[in-house]
Amino acid sequence: METEALEGESEPLNCAICDVALDNMSPSLRQEHYELHFQDAESHQEAVPSSPNTTPSDAPSKEQFWTISLAPQRKPPSNVTPGLIPILRQALLRSHANGKTQRAALCKDSICHIASEFLDTTYGCGYRNYMMACSLLYEQDIIPQYRHNLDQDVDQAYDSYKGSSKWLGYDLVGATQLKNRLVNTKKWIGTADLYTAFTYRGIPSRLVDFPQSGADPEVLPRWVANYFFPPKSTGNVQSALSGASPVVQTEKAPLILQHQGHSRTVVGIETNKAGILNLLVFDPAKKIPSNLRKQALSAFPSPQSPSHSHLRSIASTLKGSGKRPREEDEEDDRHNKKGRPSFVHIHDNQSKEEIDYIAVLKLFRVPLSNLKKRDKYQILTFPLEPILTQDERESRKVVTSEKVF
11 METEALEGES
21 EPLNCAICDV
31 ALDNMSPSLR
41 QEHYELHFQD
51 AESHQEAVPS
61 SPNTTPSDAP
71 SKEQFWTISL
81 APQRKPPSNV
91 TPGLIPILRQ
101 ALLRSHANGK
111 TQRAALCKDS
121 ICHIASEFLD
131 TTYGCGYRNY
141 MMACSLLYEQ
151 DIIPQYRHNL
161 DQDVDQAYDS
171 YKGSSKWLGY
181 DLVGATQLKN
191 RLVNTKKWIG
201 TADLYTAFTY
211 RGIPSRLVDF
221 PQSGADPEVL
231 PRWVANYFFP
241 PKSTGNVQSA
251 LSGASPVVQT
261 EKAPLILQHQ
271 GHSRTVVGIE
281 TNKAGILNLL
291 VFDPAKKIPS
301 NLRKQALSAF
311 PSPQSPSHSH
321 LRSIASTLKG
331 SGKRPREEDE
341 EDDRHNKKGR
351 PSFVHIHDNQ
361 SKEEIDYIAV
371 LKLFRVPLSN
381 LKKRDKYQIL
391 TFPLEPILTQ
401 DERESRKVVT
411 SEKVF
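What the sequence shown shows, in the numbering used here, is residues 11 to 415, in sequence order.
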């Protein structure tokens, strides 16, 4: 498994936990800095019961993979949030009504946002993006056979990192690069590693490289727009957008976007009032605020409920306030007393909580100015095609990618 390294321009580097500047520290000092955080966290964790014959890798895992079909049986883990795509869609519709958004498209709504937790903040993004992709691939019904292939790992409580590492025996080159060990380590994995993991399970995926994004920063969002809005045989992306509804709910799978040092899951694309494209992403480094998560979970039956329904409409939570639209800069600066966006607020004339769509969009938008910070990107895409044959799996041990300039 060999891929070209993705490098970007240098930018301020702060600790993801305490925000201390790390620019002047050597890699070893940065690691020591994070180890202090880890040691502090571990000292507060509950001990895991074990027997004399139990090793750390055999100990019961506290983490459970969760998808929306499990909602009637158990609550999602605290770092898992389903039901965000319908909220994001309604936020985009509000933005369109106020003249801020021209068009937008979103992936299938069964995807869950899965955040990194304290102990994997510095290296867990690849694993979490893997889990986010699985949460949708497991639930989609275009190729229902995917569920059977994923059932080996995700239909039970398990250590998610073990679930994504069984491919080491399948990809011997990649295993050698990772020193034949991934479980109980803090090793980074990227889109090429995830390509191998999904190929091992027979689930088709494709790698797309953007080696010169620095020269043309718009090439990446244009490609993403074409993915969510396939242009007609005559015309371009904008012509395809012009005939669509303002916000389109597609049957597409999400994309995993990688650059040097981090990866995120792309769940949609937006064209703003100026015609500029913004990516809409689930970032595992961002934890969903509790009030927004509460609203998203309200769309699902509680584990005690005998009913088993999927996402229900939450459009009623996004009623207009009747006030004039605020200026864009004024909107983006709306915060609560702690200086954080207030995702849910209560009107004086009613007790019903409503979602602040401006804060929601700010949480998920990645503008072009952000993409310009990196020169190279790689995307992993899921075409939702039939299960790979054994011969196809063998042939894909040689990892290839499409290059877009």
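C-beta atoms are modelled at their ideal positions from N, C-alpha and C, and glycine is treated no differently.
Note that this is a predicted model, so its numbers are computed, not measured.
Nearest to S255 by alpha-carbon distance, out of R84, F75, F310 and Q112, is Q112.
With a beta-carbon spacing of about 5 Å, N159 and G212 fall inside the 8 Å limit used to define contacts.
Taking all protein chains shown into account, S379 has fewer than 16 neighbouring C-beta atoms within 10 Å of its C-beta and is therefore exposed.
By the criterion of at least three beta-carbon pairs nearer than 8 Å, the segment 267-274 is not in contact with the segment 300-312. Here P92 has I78 and C122 as same chain residues with Cβ atoms under 6 Å from its own Cβ, once five neighbours each way along the sequence are excluded. In the displayed model, S379 falls within a helix according to three-state DSSP. Between the alpha carbons of K407 and A369 lies a distance of about 43 Å. The segment 78-144 is shown to contain whole beta strand (DSSP E) runs of 3 or more residues at 111-116, in chain order.
Here R216 carries a strand assignment [DSSP, helix/strand/coil]. Bounds of the beta strand (DSSP E) holding Q259 are V257 to Q259. Distance between T260 and L289, taken at the CA atoms: about 15 Å. A contact between stretches requires three or more CB pairs, one per stretch, nearer than 8 Å, and the segment 149-159 fails this requirement with the segment 274-285. Taken through DSSP and simplified to helix, strand or coil, K283 comes out as coil. Residue burial annotation: S312 is exposed, with fewer than 16 other C-beta atoms found within 10 angstroms of its C-beta. It is roughly 22 Å from the alpha-carbon of Q222 to the alpha-carbon of E280. Secondary structure of T391 (DSSP, three-state): strand. The Cβ-Cβ distance between P264 and A125 does not fall below 8 Å.
Per DSSP, V408 has no beta-bridge partner at all. In the structure shown, S300 adopts helical secondary structure according to DSSP, grouped into three states.
Setting aside the 5 residues that flank it on each side, E149 is surrounded in the same chain by T77, I78, S79 and S120, each with a C-beta closer than 7 Å to its C-beta; the list follows chain order.
Between the alpha carbons of F239 and Q83 lies a gap of roughly 36 Å. Distance from the CA of T209 to the CA of S411, rounded to the nearest whole angstrom, comes to 14 Å. In this chain, L230 is not harboured by any beta strand (DSSP E); it is covered by the alpha helix (DSSP H) spanning V229 to F238.
Burial of N282 is indicated by the presence of at least 16 other C-beta atoms within 10 angstroms of its C-beta.
The beta carbon of K413 sits closer than 7 Å to the beta carbons of D219 and P221 from its chain, once the five residues preceding and following it are set aside; these are given in chain order. Apart from sequence neighbours up to five positions away, no residue of its chain approaches L373 with a beta-carbon distance below 6 Å. Nearest C-alpha to V409 among P227, A202, R232 and C117: A202.
Between the alpha carbons of L230 and K382 lies a gap of roughly 10 Å. For L267, the enclosing beta strand (DSSP E) covers residues L265 to H269.
A residue is called buried once 16 or more other Cβ atoms fall within 10 Å of its Cβ, and P214 is buried on that count. In chain order, G136 place their CB closer than 6 Å to the CB of I199, counting only its own chain and leaving out the 5 sequence neighbours on each side. The beta carbons of A309 and P96 sit closer together than 8 Å. In the three-state reduction of the DSSP assignment, L290 falls in the strand class, which pools E and B. Annotation: E127 to R232 spans about 32 Å, alpha carbon to alpha carbon. Short of 7 Å from the beta carbon of A115, and not among the five residues preceding or following it, lie these beta carbons of its own chain, in chain order: F238, F239, V258, T260, G278 and I279.
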